Every structure is written in structure tokens, then in C-alpha cells.
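Asker:
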Amino acid sequence: MSHSPTPVRRSLGARNLRVAQKLQAILLIPVLVALALGGVRVKRTVDTWQSAEDAVRVAELVQAANKYASDAINERDVSVIPLVKGDRDAAAVVKARRITDEDAKEFDAAVDRMPRTAGLERRIALVRQGEKELPLVRSSAFTSRMAGVQTEESYHAVQHPLMEISNELGFGITTQETYGRTLYAVSLTQAAESLIRAIGTHLLVQDRSKLAKGELQSQLSSFSSYVYLEQIGLQEYAGFAGTADMARLREALEGARKKGQELVSEARSRAEAAGQTFAPPPDLERMTRAIASGATAAQLAEQGITPETFFAASTLSFDAYRSVELYLTDAALAKAHTIADDARNDAILNAALVLAAVLAAFLLANWVARTMSTSMRRLSASAHEIAAQRLPARLTQLTRAVPGRVENEVEPIPITTTDEIGEVARAFDHVHREAVRLAAEQALLRANINTIFSNLARRSQSLIERQLSMISELEGREADPDQLENLFQLDHLATRVRRNGENLLVLSGEAPAQQWDQPLPLVDVIRAAVSEVEQYERVHFADFPETEIDGRAVNDLVHLLAELLENATTFSSPHVPVHVTAARLHDGRIMLEIHDKGIGMPPEELAEINRNLADPPTVDASISQRMGLFVVGRLADRHGIRAQLRPADQGQGTTTLVMLPDTITHRPTTTELDADTMAMVAFVDSRFTEATTWTDEPS
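Counting in this note's numbering, the sequence shown tops out at residue 763, every number present.
1. Among ASN619, VAL644, LEU721, ASP620, which one has its Cα closest to the Cα of ARG602?
2. If we count Cβ pairs, one from each stretch, closer than 8 Å, do we get three or more for the segment 659-666 versus the segment 634-644?
3. Throw me the rounded Cβ distance for the HIS730 and GLU598 pair, which I believe falls under 8 Å.
4. Whole angstroms are fine: how far does the CA of SER251 sit from the CA of GLY278?
5. Quick check: what's the CA-CA separation for ALA365 versus PRO179?
6. Quick one: grab the DSSP three-state call for VAL561.
7. Could you tell me the alpha carbon to alpha carbon distance between ASP165 and ALA133, rounded to whole angstroms?
8. Taking 6 Å as the limit between beta carbons, can you name the residues of its chain near PHE235, skipping five residues before and five after?
9. In whole angstroms, what is the alpha-carbon distance linking LEU320 and VAL106?
10. Pick helix, strand or coil for PRO344, following the three-state DSSP scheme.
11. Using DSSP with H/G/I as helix, E/B as strand and the rest coil, what is ARG653?
12. Closer than 6 Å by C-beta to LEU670: which residues in its own chain qualify, once you throw out the five before and the five after it? Chain order, please.
13. Return helix, strand or coil for LEU275, following the three-state DSSP convention.
14. What separation, rounded to the nearest whole angstrom, lies between the Cα atoms of SER444 and ARG434?
15. Going by C-alpha to C-alpha distance, which of LEU284, SER446, ASP726 sits closest to ARG648?
16. Within its chain, find whatever has a CB closer than 6 Å to the CB of LEU298; leave out the 5 residues flanking it on each side and keep chain order.
17. Out of ALA384, GLN283, GLU657, state which residue places its alpha-carbon closest to the alpha-carbon of GLN214.
18. Report all residues from its chain with a CB closer than 7 Å to the CB of GLY183; omit the five preceding and five following residues, and keep chain order.
19. What would DSSP say about VAL748, mapped onto helix, strand or coil?
20. Go to PRO711, then tell me how far its beta strand (DSSP E) extends in each direction, as first and last residue.
21. Rounded to whole angstroms, what is the Cα-Cα separation between GLU195 and VAL157?
22. Is PHE605 helix, strand or coil by DSSP?
23. Under 8 Å between the Cβ atoms of ARG408 and TRP113?
24. Alpha carbon to alpha carbon, what distance is there between ILE229 and MET210?
25. Give the secondary structure of HIS703 by DSSP, where H, G and I count as helix, E and B as strand, and everything else as coil.
26. Taking the alpha carbon of PHE374 as the reference point, which residue from SER285, GLU257, SER439 has its own alpha carbon closest?
27. Quick one: what's got a C-beta closer than 6 Å to SER204's C-beta in the same chain, skipping five residues either side?
28. Is HIS639 helix, strand or coil when you go by DSSP?
29. Indicate the three-state DSSP secondary structure (helix, strand or coil) for ILE728 in the structure shown.
30. Is ASP620 buried or exposed, if buried means 16 or more other CB atoms sit within 10 Å of its CB?
31. Hey, out of SER285, VAL422, ARG312, PRO345, whose CA is closest to ALA356's CA?
32. Taking 7 Å as the cut-off, is the CB of ALA712 close to at least one heavy atom of the ligand SAH?
33. What span of residues does the alpha helix (DSSP H) with ASN231 cover, start to end?
34. With distances taken between CB atoms, is the gap from LEU226 to PRO371 smaller than 8 Å?
35. Can you tell me whether GLU217 is helix, strand or coil according to DSSP?
36. Going by DSSP, which residues form a beta bridge with VAL722?
Spelled out as C-alpha cells, the structure:
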């Protein structure tokens with residue numbers, strides 16, 4: 065008998081690792097250290113990249129916020145003259161508000177992309193709070209509901225939080241810290257200039273006779289305050305800006321001054337061409353001082369200070385500050401993009417270098433481990449092949465070989481090295497040879513035991529046959545019913561003893577000495593099997609399908625069914641019948657069912673019995689407990705019969721299923737039976753007739 069090798073369960077622990085795994089572990093230790101250090105470096109570069117990307121988003125947010133703030137206060141400034149005059153649907157007002165609303169949408173998109181930090185979230189909340197007031201400001205601007213400088217200063221609720229976002233510039237990048245303060249300073253200066261422009265224009269166009277008491281003085285005070293605030297903003301800018309940024313602001317203001325002179329020259333030329341008297345306006349500084357003095361609009365007009373000239377001059381300064389603000393935001397965004405690109409490239413390069421180094425180290429470690437463990441794998445594969453295939457096949461061959469003609473030679477493992485692995489291979493070859501030798505001795509011993517079984521069984525068979533003949537003669541001469549019944553019981557006991565001898569022959573591998581050469585009807589086979597059962601009168605069966613059993617399988621099928629019927633009658637109540645039924649399946653096979661009302665068996669025991677019936681095991685000491693079922697398995701295996709035990713449908717007893725294949729069953733023919741077959745049928749009929757006759761009479 066051969067057994068498949070039991071897989072070895074590998075428990076955890078370094079001692080249970082394979083040789084290749086141990087070698088790889090040793091070589092991978094420095095690789096893992098390098099991977100850890102490289103991972104730290106890659107993480108730092110990735111963190112820098114992420115910070116740089118966040119800085120880009122912040123720079124985009126600052127850019128959108130400053131544009132939003134500049135256009136919001138510009139909306140206020142350009143709306144002064146139309147709204148003071150009552151033209152609330154002026155084209156300039158509608159256009160300015162549309163630009164501001166578009167900036168608000170761009171700002172919202174930038175907010176969606178910004179990094180979620182506490183500082184930014186707080187500043188955005190302030191912006192949202194100011195935006196809620198913007199519709200009311202627009203509807204009440206320069207009306208009695210929002211008189212004086214309230215309109216100008218009300219835009220501060222939106223503009224100032226937007227301007228303060230510049231302080232968050234440089235998030236995650238220390239080299240950009242000064243940009244935020246510098247940008248905030250120029251934005252503050254621009255906001256102050258815008259308020260100067262708005263309040264100054266308001267003072268020049270309003271009807272002072274309609275002002276409330278003290279309102280004019282409040283406007284003049286606010287005007288002067290924002291003139292001072294502009295200077296503070298310039299000083300703040302000078303404190304944070306570098307040399308280049310200061311030069312850029314001076315250049316922008318100088319450009320604004322020259323542009324103003326050009327506009328004055330053009331205005332003088334147009335006035336002279338029209339024959340009008342032209343009063344040249346002073347520079348912006350003298351204009352602001354004159355307006356702050358409280359002079360009337362007529363007095364200021366004599367000096368060339370009109371709403372148009374003042375607004376134009378102030379706009380030039382506003383645009384100059386705005387140009388510097390745009391440059392700083394664009395420069396900050398460009399620098400953030402550059403740093404982000406560099407950080408991304410560094411992260412990719414570092415990751416590629418680390419992965420390449422780790423991959424190279426891993427490949428090297430794997431190559432070394434594979435080189436050193438090739439022989440071990442070959443030895444392991446050969447050992448598994450011997451254990452799973454070659455040795456079981458050889459053992460199967462030995463069990464079928466003729467005793468005394470067994471070769472003990474084995475094929476050696478194909479490892480010819482003289483190192484330790486080669487020595488292990490030679491040792492395993494020695495173990496292999498010893499296993500084959502022991503198996504050969506075991507096969508010889510098993511063959512001898514089978515021979516002993518066969519000889520003992522055949523000696524017993526001859527004696528039992530003589531005993532049965534004598535009992536049959538006594539039955540023929542006996543007239544006393546009681547004595548005849550005793551002879552029948554002796555006959556059945558002798559028949560059981562004969563079947564036990566036949567069981568020994570089956571277990572020893574012997575085939576039946578005699579076989580039928582003609583098919584026999586299934587019903588006669590059933591009757592023959594019942595006649596060999598001690599409690600035959602309890603076996604009930606109905607009509608069977610008309611089919612014949614091939615002659616070569618008759619004796620074995622009778623033996624098989626007799627064992628199953630004996631088992632059913634023995635392990636069930638003596639007052640309950642055992643039913644045998646048969647049916648033909650659609651594919652031509654015959655299904656026999658034996659139903660008893662016994663105590664049944666637990667599922668585990670049924671499963672074990674069915675496994676033995678499907679795959680009969682090697683003969684051992686356990687056959688003494690269930691010899692009949694072992695014999696059933698052997699007989700079924702000879703002819704492809706399937707036998708199986710199942711719990712009864714009613715929950716009490718056992719049902720035995722016997723599937724007869726179409727190779728041993730066929731429909732009956734009209735050919736006449738030979739003399740031996742006719743004798744067999746007559747003998748079975750006579751036994752059933754006698755059993756029926758005597759069981760019907762009272763004892």
C-alpha cells in the first residue's frame with residue numbers, strides 16, 4: 065500500500081525558514097536599511113513638493129483675491145460721479161459691478177483649490193462675511209441711507225479681508241516670506257489711494273448745501289486721514305521691499321507722473337484749439353492739499369482741480385500701485401511654480417534612484433540566494449518526487465510482483481557534488497533503497513499471508529461442501545417436520561460458514577474457482593443471495609425489472625448481496641422485514657435498494673464505511689470487525705458496482721444502495737439456458753419453495 069506524503073506545516077520562526085529565504089534575509093538587511101533611509105529622503109522631498117504645491121495654490125488665491133479687491137474698490141471709485149448725480153444705471157457702474165462679480169467667481173474657484181489651513185479658513189470666513197454686505201452697499205451707495213464717507217468706507221468690509229490674504233503668501237516656503245508683507249503694504253497703499261480718489265471726487269461733485277451739519281468736516285477729516293495712510297503704506301512697503309522692488313515702485317510712480325504731464329499737455333492743446341481758457345491743474349500732491357483745505361468746488365476749479373482732472377491724476381497713481389501689486393503676485397506665483405517643479409523633479413529623481421538602488425540590491429541578493437540554493441531545491445524536488453510518485457509507484461509494483469522476483473535497485477538523486485548537499489542526497493538514496501527493501505519484504509509477507517488465507521479457505525471449502533452434501537441427503541430422507549427444520553438451520557449455518565471461507569478467498573485476492581458462462585435473471589440472483597441468509601424468511605421483495613446478470617458476475621453479485629442482506633437482518637429487529645427493491649434507470653443501469661428498520665448508524669460511521677466501500681483498503685486487523693463490508697467493497701470493485709449506505713428516509717434504519725452498471729446487466733434474450741444454469745435456477749426455486757412451505761406451517 066502506498067501513501068501520499070503528508071505536507072509539513074511550517075511554523076513561524078527564523079529556524080523554520082528555507083535556506084534561500086535565510087540567505088535572502090541576510091542579504092536583504094542592508095537593502096532594507098538603505099530602503100528605509102531612502103524612504104525618509106523621498107518622503108522629505110515629497111513633503112517639500114506638497115508644500116510647494118500648496119504654495120502655488122495660495123499664490124493663485126492671493127492673485128485672485130487682490131484682483132477681486134482692486135476691482136471692488138475701483139467699482140466704488142468709478143461709481144461716485146454717476147451715483148451722486150442719481151444715474152444708478154450708468155454704463156460705467158454696470159460694467160464695474162460685472163467685473164467685480166466675475167472676480168468673485170474666480171476667487172471662489174481659487175478657494176476650492178486652496179490648502180485647508182486654519183489661517184486661510186479664518187481669512188476666507190472674514191471675506192464671506194464682507195461679501196454678505198456688498199448687495200446692501202450697492203443699493204444704498206451715495207444715498208441718504210449711506211451718506212458722507214460711509215459708502216467709501218463700506219467697501220472696506222470686502223476689500224480689507226481680501227487684501228489681508230496676502231499675509232499667507234509663501235505657505236510652506238520660507239524664501240517667500242517677505243512677499244506677503246511687501247504685497248500687503250502695496251495693497252494697503254493702493255487702497256488708501258482709492259479712498260482718496262473716491263472721497264476727493266465725492267467732495268468735488270456733491271452739493272454741499274444739502275449736507276448735514278458737520279458732515280463736510282467729517283469728509284475732509286477722512287480725506288486727510290487716508291492721505292496720511294497712503295504715506296504709512298509707502299513706508300511699510302519700503303521696510304519690507306528689496307532694492308529692486310523699491311526701484312520698480314519709483315519707476316511706476318514716475319511713469320504715472322509723466323503720463324499726467326502728457327494728459328495735461330493734451331488738454332491744454334485741446335482747449336487752445338477750441339479758443340478756451342485752460343487752467344492747468346497742479347500735481348496730485350497739491351491737489352490733495354487743496355481739497356483737504358475745504359475750498360469749494362468753484363475755488364478748486366479756478367486752480368484747475370475738477371472732478372475729471374483729480375480722478376484722472378489719482379487713477380494714474382492707483383494704476384501705478386496696481387502694476388506693482390500685479391508684478392508681485394505674478395512673481396510670487398511664478399516662483400512658487402518654479403519651486404514646485406523643482407520639488408517634483410527632486411521627488412521623482414530621489415524615488416527613481418532609491419527604487420533603482422533597491423531593485424539592484426534585491427536582484428543581486430536574489431541572484432546570490434538562487435545560486436546557493438539551486439542544489440537544495442533540486443534535492444527537495446527529488447525528495448518530494450520520490451515520496452509522492454516514485455516510491456508509491458514502486459510500492460504498488462511490489463504489491464503486485466511475484467514473491468521472490470523483486471528488484472531493490474532505485475534511481476539515485478541527480479546530484480553529483482561532493483559537498484554537504486551531495487552527502488545528503490546520497491543519504492537519501494540509501495533511505496530510499498532501505499524503504500524499497502522493507503516494502504519488498506512486506507509485500508512478500510503479505511503474499512505469504514494471502515497464500516495462507518487461500519489454503520485455509522480452500523481446505524475449509526472442501527469440508528463445508530461435503531457437510532452441505534450430507535445435510536442435503538439427510539433433508540431428502542427426513543420426514544419429521546421438526547427435524548427437517550433443524551436440518552434447514554444447519555444448512556444455513558453451513559452456508560454462512562462457506563461464505564466466510566469465500567470471504568477469506570476474496571480478501572486474499574483469489575477469484576472464484578467457478579463462473580457461470582450464461583447470464584442469469586436478476587430475480588434468481590436475488591433469490592440465491594436470500595437463500596444464503598440465515599433469517600431468509602424476513603427478506604421481502606417484489607417484482608424486479610426483467611434483466612439478466614452477466615455470467616462472470618453472478619457468483620460475486622450473489623456473494624455481495626448475501627453479505628448486505630445478512631448485515632440488514634442481523635442489525636434490525638427480528639420481527640421487522642427487510643425489503644429489497646430494484647428499478648431500471650434511464651441509462652440502462654439497475655438500482656437495488658435494501659431497506660431495514662434497524663438502529664441505524666451515526667453519520668461519522670456511515671461516512672467511514674462508504675469510503676471503504678468506494679476504495680477498499682488494505683487488509684489489516686480491522687477486517688475482523690466488518691469483514692462483510694470489506695468483502696463487499698472488494699467484490700464491487702471487481703465489476704464496477706457501486707455500493708453505498710444511507711440513513712433511512714423515515715429516520716430509522718439504514719438503506720443500502722447497489723448500482724449495477726450496464727456492463728454486467730442486459731435485457732433477457734430468448735436463448736435457452738444451459739444445463740448448469742437450469743440446475744442453479746431449479747435449486748434456488750426449490751430452496752425458496754421449501755422455505756415458504758415450512759415457514760407457513762406452525763412450529
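Cβ atoms here follow ideal geometry from the backbone N, Cα and C, with glycine treated the same way. As the structure is a computational prediction, the values presented were derived from the model and not from experiment.
Answerer: So, from the data block:
1. As a working note, residue 602 is residue 538 in the sequence shown. Nearest C-alpha to ARG602: VAL644.
2. yes
3. Sequence index remark: in the sequence shown, residue 730 carries index 666 (1-based). Sequence index remark: in the sequence shown, residue 598 carries index 534 (1-based). Their Cβ separation, rounded to whole angstroms, is 32 Å, which puts HIS730 and GLU598 out of contact at 8 Å.
4. Here residue 278 is taken as the residue at index 214 of the sequence shown, counted from 1. Here residue 251 is taken as the residue at index 187 of the sequence shown, counted from 1. So the alpha carbons of these two residues sit roughly 31 Å apart.
5. Numbered from its first residue, the sequence shown carries residue 365 at position 301. Numbered from its first residue, the sequence shown carries residue 179 at position 115. Near 52 Å, if we compare the C-alpha coordinates of PRO179 and ALA365.
6. By 1-based counting over the sequence shown, the position of residue 561 is 497. Correct three-state label for VAL561: helix.
7. Translated into the one-based positions of the sequence shown, residue 165 becomes position 101. Translated into the one-based positions of the sequence shown, residue 133 becomes position 69. Going by the C-alpha atoms only, they are around 11 Å apart.
8. Working through the sequence shown from its first residue, we reach residue 235 at position 171. For PHE235, the predicted structure reports a pLDDT of 49, less than 50, and the residue's modelled location is therefore unreliable. The matter cannot be settled from this model.
9. For the purposes of this step, residue 320 is identified with residue 256 of the sequence shown, where counting begins at 1. For the purposes of this step, residue 106 is identified with residue 42 of the sequence shown, where counting begins at 1. Checking the sequence shown, residue 320 turns out to be Ala, not Leu. Spanning the two alpha carbons is a distance of roughly 50 Å.
10. Against the sequence shown, residue 344 aligns to sequence position 280. Residue state, collapsed to three classes: coil.
11. Numbered from its first residue, the sequence shown carries residue 653 at position 589. Coil, per DSSP.
12. Along the sequence shown, read from residue 1 onward, the residue named residue 670 stands at position 606. Result list for LEU670: LEU709, in chain order.
13. Reading the sequence shown from its first residue, position 211 is the one you call residue 275. Coil at LEU275, not helix or strand.
14. For the purposes of this step, residue 444 is taken as the residue at position 380 of the sequence shown. For the purposes of this step, residue 434 is taken as the residue at position 370 of the sequence shown. Those two C-alpha atoms are separated by around 14 Å.
15. Translated into positions along the sequence shown, residue 648 becomes position 584. Looking at the Cα atoms, ASP726 is the closest of the given residues.
16. Position 234 of the sequence shown, counted from the start, is the residue given in the question as residue 298. These residues qualify, in order along the chain: THR253.
17. Here the question's residue 214 lines up with position 150 in the sequence shown. The residue with the shortest Cα to Cα distance from GLN214 is GLN283.
18. One-based indexing of the sequence shown puts residue 183 at position 119. If we look at GLY183 and ignore the five residues flanking it on each side, its Cβ neighbours are GLU232.
19. The residue you call residue 748 lines up with position 684 of the sequence shown. For VAL748, the predicted structure reports a pLDDT of 43, less than 50, and the residue's modelled location is therefore unreliable. The matter cannot be settled from this model.
20. Start at 1 with the first residue of the sequence shown, and residue 711 comes out as number 647. Where PRO711 is concerned, the enclosing beta strand (DSSP E) stretches over 706-711.
21. Working through the sequence shown from its first residue, we reach residue 195 at position 131. Working through the sequence shown from its first residue, we reach residue 157 at position 93. Going from the Cα of GLU195 to the Cα of VAL157 covers about 18 Å.
22. Working through the sequence shown from its first residue, we reach residue 605 at position 541. Correct three-state label for PHE605: strand.
23. Residue mapping note: residue 408 aligns to position 344 of the sequence shown, counting from 1. Residue mapping note: residue 113 aligns to position 49 of the sequence shown, counting from 1. Yes, the Cβ-Cβ distance between ARG408 and TRP113 is below 8 Å.
24. Within the sequence shown, the letter at position 146 stands for residue 210. Within the sequence shown, the letter at position 165 stands for residue 229. The straight-line gap from Cα to Cα measures roughly 28 Å.
25. Your numbering for residue 703 matches position 639 in the sequence shown. Looking at HIS703 - three-state DSSP - the assignment turns out to be helix.
26. Here residue 374 refers to the residue found at position 310 of the sequence shown. The candidate whose alpha carbon is nearest that of PHE374 is GLU257.
27. The residue labelled residue 204 in the question sits at position 140 within the sequence shown. Excluding positions up to five away in sequence, the list reads MET210.
28. As a first step, residue 639 must be located in the sequence shown, where it is residue number 575. Three-state DSSP puts HIS639 in coil, outside helix and strand.
29. Position 664 of the sequence shown, counted from the first residue, corresponds to residue 728. ILE728: coil per DSSP, three-state reduction.
30. As a working mapping, residue 620 is identified with position 556 in the sequence shown. Counting Cβ neighbours within 10 Å, ASP620 comes out buried, since at least 16 surround it.
31. Walking along the sequence shown from the start, residue 356 turns up at place 292. For ALA356, the nearest C-alpha among the options comes from SER285.
32. Ligands are entirely absent from the displayed structure, and the ligand SAH is therefore not among its contents.
33. Here the question's residue 231 lines up with position 167 in the sequence shown. Element bounds for ASN231: n/a, residue is neither H nor E.
34. Indexing the sequence shown from 1 puts residue 226 at position 162. Indexing the sequence shown from 1 puts residue 371 at position 307. Going by C-beta atoms, LEU226 is not nearer than 8 Å to PRO371.
35. Position 153 of the sequence shown, counted from the start, is the residue given in the question as residue 217. Helix at GLU217.
36. Residue 722 sits at position 658 when you count from the first residue of the sequence shown. Per DSSP, LEU656, ALA707.
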